[in-house]
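Notes follow the structure.
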Amino acid sequence: MNKLMIKLIKLYQRYLSKYLGGSCKYLPTCSNYAKEAYEKHNFFYATFLMIWRILRCNPFSKGGYDPVPEPKKKQYQNS
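Number 19 in numbering that gives the first Met the number 0 belongs to position 20 of the sequence shown; there are no gaps in the numbering.
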């Protein structure tokens, strides 16, 4: 599912983004952020991150550098 989302984002970047707006307040751009989220995280968490980022992209936000969080490493206990 993540690969499909990444392909859809790439299609958006290539064919639609130039017609739907010129600049993004954030670095990386919202579409690059979403693509990276799907590369690093599972589908549901990446979708949550993407939606949360889009909701924050509004005239009242400052914008700036906002990287995708790194995946949390699982800690295993020795029994």
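No residue lacks a Cβ here, since even glycine has one placed at the ideal position from N, Cα and C.
Span separating the alpha-carbon of residue i from that of residue j
i	j	result
Leu48	Tyr14	23 Å
Lys9	Ser16	10 Å
Pro70	Tyr11	25 Å
Asn60	Glu35	The amino acid at residue 60 is misidentified as Asn; the sequence shows Ser. So the alpha carbons of these two residues sit roughly 21 Å apart.
Ala45	Pro58	24 Å
Leu3	His40	14 Å
Ser22	Arg55	15 Å
Tyr37	Ile5	7 Å
Val67	Lys73	18 Å
6 Å Cβ shell around residue i - same chain, five flanking residues per side excluded
i	result
Arg52	Cys29, Tyr32
Tyr25	Gly62, Asp65
Pro27	none
Buried or exposed by the 16-neighbour rule on C-beta atoms within 10 Å, applied to residue i
i	result
Tyr18	exposed
Same chain, Cβ closer than 7 Å to residue i, neighbours up to 5 away in sequence not counted
i	result
Met0	Phe42
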